[in-house]
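These notes are about the structure you will find just below.
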Amino acid sequence: MSRITLPGSIFLAIIAILPAFAGIFGVQAEFAQFFGGTSLLILVGVVLDTLQQVESHLLMRHYDGLLSSGRIKGRSGSVAAY
Numbered sequence: 211m212s213r214i215t216l217p218g219s220i221f222l223a224i225i226a227i228l229p230a231f232a233g234i235f236g237v238q239a240e241f242a243q244f245f246g247g248t249s250l251l252i253l254v255g256v257v258l259d260t261l262q263q264v265e266s267h268l269l270m271r272h273y274d275g276l277l278s279s280g281r282i283k284g285r286s287g288s289v290a291a292y
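The numbering used here puts the first residue of the sequence shown at 211, with every later residue one more than the last.
Structure representation (structure tokens):
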């Protein structure tokens, strides 16, 4: 767990300081505030959650198609219906 904590804290610090550095390099203040630390973290969290939900829906759809096929052959060669 401590191996993840240090890089994660450095990444969060960079994201929090990023709008200040953007202002120094001549980026407009509104643009730097819009893509600031908090909004960027929220945006990344929402995108990751959306991707996870899409993946789970696709996985469930795949399993529904697998289970509704109806007939599975057993070892004896007879057909068993589910």
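Glycine included, each C-beta is placed from N, C-alpha and C at the ideal position. Everything numeric in this text was worked out from a predicted model, so none of it was measured.
| Check | Outcome |
| --- | --- |
| Classify V254 as helix, strand or coil using the three-state DSSP reduction. | helix |
| Quick check: L251 and I225, are their CB atoms within less than 8 Å of each other? | yes |
| What three-state label does DSSP hand F235 in the structure shown? | coil |
| Given a cut-off of 8 Å, decide if L228 and E255 are closer than it, judged by their beta-carbon atoms. | According to the sequence as given, residue 255 is Gly; it is not Glu. The answer is no: Cβ separation not under 8 Å. |
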